[in-house]
Amino acid sequence: MKSDNVKVGMQQAPHRSLFNALGMTEEEMKKPLVGIVCSYNEIVPGHMNLDKIAQAVKLGVAEAGGTPVMFPAIAVCDGIAMGHIGMKYSLVTRDLIADSTECMATAHQFDALVMIPNCDKNVPGLLMAAARVNVPTVFVSGGPMLAGHVKGHKTSLSSMFEAVGSYAAGKMTEEDVNDFECHACPTCGSCSGMYTANSMNCLTEALGMGLPGNGTIPAVYSERLKLAKRAGYAVMEMYKKNICPRDIITKDAIMNALTVDMALGCSTNSMLHIPAIAHEIGFDFDISMANEISAKTPNLCHLAPAGPTYMEDLNEAGGVYAVINQLCEAGLINEDCMTVTGKTIGEAVKGHKNLNPEVIRPMANPYSSTGGLAVLKGNIAPDGSVVKIIDFDWVHLHASNVTVMLRREQKGTPGYADPRYWNSYICRPEMDIYSAGLVLYFIYTGKHHFYGNDEIKNYMIGDDYAYQLKEMPGIDDRLSRIIAKMIAREEERYGSIKEVIQDMKEYLMSVRKLPELPEFLEQPQAQKTIRFSYRIGDVKYSPYMKNYRFIPIEFGTKQERSQNGRMSGHILSFYRMDDKVKALILHEDCHIIRKQKEKEVCEGDIFTYAGTNIEILQIKR
Numbered sequence: 004m005k006s007d008n009v010k011v012g013m014q015q016a017p018h019r020s021l022f023n024a025l026g027m028t029e030e031e032m033k034k035p036l037v038g039i040v041c042s043y044n045e046i047v048p049g050h051m052n053l054d055k056i057a058q059a060v061k062l063g064v065a066e067a068g069g070t071p072v073m074f075p076a077i078a079v080c081d082g083i084a085m086g087h088i089g090m091k092y093s094l095v096t097r098d099l100i101a102d103s104t105e106c107m108a109t110a111h112q113f114d115a116l117v118m119i120p121n122c123d124k125n126v127p128g129l130l131m132a133a134a135r136v137n138v139p140t141v142f143v144s145g146g147p148m149l150a151g152h153v154k155g156h157k158t159s160l161s162s163m164f165e166a167v168g169s170y171a172a173g174k175m176t177e178e179d180v181n182d183f184e185c186h187a188c189p190t191c192g193s194c195s196g197m198y199t200a201n202s203m204n205c206l207t208e209a210l211g212m213g214l215p216g217n218g219t220i221p222a223v224y225s226e227r228l229k230l231a232k233r234a235g236y237a238v239m240e241m242y243k244k245n246i247c248p249r250d251i252i253t254k255d256a257i258m259n260a261l262t263v264d265m266a267l268g269c270s271t272n273s274m275l276h277i278p279a280i281a282h283e284i285g286f287d288f289d290i291s292m293a294n295e296i297s298a299k300t301p302n303l304c305h306l307a308p309a310g311p312t313y314m315e316d317l318n319e320a321g322g323v324y325a326v327i328n329q330l331c332e333a334g335l336i337n338e339d340c341m342t343v344t345g346k347t348i349g350e351a352v353k354g355h356k357n358l359n360p361e362v363i364r365p366m367a368n369p370y371s372s373t374g375g376l377a378v379l380k381g382n383i384a385p386d387g388s389v390v391k392i393i394d395f396d397w398v399h400l401h402a403s404n405v406t407v408m409l410r411r412e413q414k415g416t417p418g419y420a421d422p423r424y425w426n427s428y429i430c431r432p433e434m435d436i437y438s439a440g441l442v443l444y445f446i447y448t449g450k451h452h453f454y455g456n457d458e459i460k461n462y463m464i465g466d467d468y469a470y471q472l473k474e475m476p477g478i479d480d481r482l483s484r485i486i487a488k489m490i491a492r493e494e495e496r497y498g499s500i501k502e503v504i505q506d507m508k509e510y511l512m513s514v515r516k517l518p519e520l521p522e523f524l525e526q527p528q529a530q531k532t533i534r535f536s537y538r539i540g541d542v543k544y545s546p547y548m549k550n551y552r553f554i555p556i557e558f559g560t561k562q563e564r565s566q567n568g569r570m571s572g573h574i575l576s577f578y579r580m581d582d583k584v585k586a587l588i589l590h591e592d593c594h595i596i597r598k599q600k601e602k603e604v605c606e607g608d609i610f611t612y613a614g615t616n617i618e619i620l621q622i623k624r
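Position in the sequence shown (first residue = 1) + 3 = the working numbering.
See below:
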């Protein structure tokens, strides 16, 4: 046993005396020492029930022949931390959780671990720690919250934020908002839709690190306590068979998780955490891989906030394993990946049927033929950005530029969808150009082209009304003509979006000449100079920038730091790639001081930030 390092032999007599201080018996010391990493606290709704989960896990471990010992992990509620300085403290907790758990597990030489997370950064942080420590580990979360009920409709936390916006817009009274406030979050648990917490808990099942039901069984169900006990049994079986996280979290398992992510329509934040988990096993994950997976993986679920269903509905429909089973049957999952059940993922999901095709769409009738996430690159985000695909049901139909007869219910937004669509089941690519034109109208005017019941009725009935552009006061005539041609009758409309883009490009270039970006960012003239030395610290990997290493540096003397005004106490950081400096960054607020390209930082170098020259006097290694 690994724990023999702290329990067996004469040299360990002092260690045993400390175990005696804990009240541990000799019999307990002879058993495998199992760490129960519990994220219980009384500030996060998703964690307020984890003490009960921990007790159930401990019972399971003890019954299966282990000695359970609980220690804590921190967790932040992103909802409570939102909208103030606390927002900056949430993401960093992921790495704090990973680091602190690694420290505790290694320092005390645990033979196995059971991780009890629930909310946003807690789950990936403990997954990262599990991969690092690499002793038999099982995950059992606290479970999702039940959906709220307001005015006869299910609701979730996102409805709460929407209610605040509606109040600000004068569409809701204070009493209406209070109704949401009191009923949107009715139980403990992670928020009831497919937000980050539930996304990551579901993906623990896809990775093979959680038992079936881990992502979906509601927090308040007694079945959750049974699951916790079974997690205790499972970790002891893993210990006997020496199945460890790195046997489970492999490159193939990561790709499986990404596939399930696409099918479920998980949070975009999964694309922040999956690369970090992949890094822990030595897999250089590129977010662009998401598009390859998305291209062949249909989106089968539209859970809140993307749709009207909730985690409890997914659980009743068969859960994550039912989704994976469908993906296996379509040949989209590597079925040989190991799981904490002791079976491969292919073996584990067999028999898990889709019990509600309205919640989990069959492969033949998906919400879309492509996945729920997409990675976009362009001049705004040259390194890539992640978007969640919510309402692009027609996109796959238009890929081949064909006319399609829809045989299901009509979908679309009145006032934006081509009115000819509402009078038939015909869907054409040109109809998207119409919708795009009305979106542009809204962007430039701040108003819906058609609004109010009467307007909507006229728009849906009459061609003349629907295809005539309203006046756009203060808008250039050339732009108005482009939008007018986008919403004209089909025979007069642009034939393709490429034509629209070409005309828009010509228009934009005529009204303003866009300067070419210089190779290096231009810096404002400095008003003063700060001189300091820095020391290079330990190299750490940054999951946010591919192939980059994070190297902390600090100011020189304490006196020098105190004299530097607003920069006092701040840590400067270099992002380096192949020992070449890419950027000098003010770490606190992540402002780029100066971009460099293939240039080493040397003594005497001067960078400019906020009207201040920053001169490197000395490099200490």
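Positions of the beta carbon are idealized from the N, C-alpha and C atoms, including for glycine.
Please read these numbers as outputs of a predicted model, since none were measured by experiment.
Here TYR462 is buried. Its C-beta has 16 or more other C-beta atoms within 10 Å.
For PHE445, the three-state secondary structure derived from DSSP is helix. Looking at the DSSP output, ASN201 shares a beta bridge with no other residue. Annotation for LEU129: the continuous alpha helix (DSSP H) segment containing it runs 125–136. Distances from the alpha-carbon of LYS353 to those of VAL362, ASP339 and PRO360 put ASP339 closest.
Secondary structure at HIS18: helix, using DSSP grouped into helix, strand and coil. Remark: fewer than three beta-carbon pairs, one from each stretch, lie closer than 8 Å, so the segment 179–190 and the segment 111–129 are not flagged as touching. Contact between the segment 68–78 and the segment 142–158 is not established, with fewer than three Cβ pairs separated by less than 8 Å. Of the residues assessed, CYS205 falls on the buried side of the cut-off, its CB having 16 or more other CB atoms within 10 angstroms. By the criterion of a C-beta distance shorter than 7 Å, LEU335 is surrounded in its chain by THR262, LYS299 and THR300, once the five residues flanking it on both sides are discounted.
Contact between PRO139 and CYS41 does not hold, since the beta-carbon distance rounds to 17 Å and is not under 8 Å. Classified as exposed, ARG484 has fewer than 16 neighbouring CB atoms from the shown chains inside 10 Å of its CB.
Taking the CA atoms as reference points, HIS452 sits about 11 Å from SER438. By a beta-carbon distance limit of 8 Å, ALA266 contacts GLY374. Their separation comes to about 7 Å. In the DSSP assignment, CYS188 falls outside any alpha helix (DSSP H) and carries neither an H nor an E. Selection ILE429, GLY477, TYR419 and ASP467 evaluated against TYR447 yields GLY477 as nearest (Cα-Cα). In the DSSP secondary-structure assignment, ALA115 is bridged to VAL37. The DSSP-derived three-state label of GLY151 is strand. According to the DSSP secondary-structure assignment, HIS156 is paired through a beta bridge with VAL153. The residue among SER103, ALA231 and ASP289 with its C-alpha nearest the C-alpha of ASP386 is ASP289.
The DSSP assignment places 81–84 and 93–110 as complete runs of the alpha helix (DSSP H) inside the segment 54–128, in order along the chain (cut-off: 4 residues).
According to the DSSP assignment, VAL141 belongs to the beta strand (DSSP E) that extends over 140–142. When C-alpha distances from GLY146 are compared across GLU178, MET366, LEU53 and TYR470, the shortest belongs to LEU53. Contact annotation: the segment 302–320 touches the segment 214–222, with at least three C-beta pairs closer than 8 Å.
By the Cβ neighbour-count rule, PRO360 is exposed, with fewer than 16 other Cβ atoms within 10 Å of its own.
For the 8 Å CB-CB criterion, LEU441 and ILE363 do not form a contact. Rounded to whole angstroms, the separation of the alpha carbons of CYS191 and ILE83 is 14 Å. Secondary structure of ASN52 (DSSP, three-state): coil.
By the Cβ-count criterion, HIS87 is exposed, with fewer than 16 other Cβ atoms from all chains shown falling within 10 Å of its own Cβ. Burial is judged here by how many other beta carbons sit within 10 angstroms of a residue's own beta carbon; ILE296 has at least 16 and is buried. Within the same chain, GLY321, ALA325 and ASN328 come within 8 Å of LYS356 by CB-CB distance, once the 5 residues on both sides are set aside.
Shown here for ALA234: same chain residues with a beta carbon closer than 7 Å to its own, the five before and five after excluded, namely VAL60, GLY63, VAL117, VAL141, VAL143 and LEU214 in chain order. In this structure ALA209 is buried. Its beta-carbon is surrounded by 16 or more other beta-carbon atoms within 10 angstroms. Per DSSP, the unbroken beta strand (DSSP E) holding VAL378 starts and ends at 376–379.
Relative to the Cα of CYS331, the nearest Cα in the group VAL343, ALA351 and THR312 belongs to ALA351. DSSP lists no bridge partner for ASN337.
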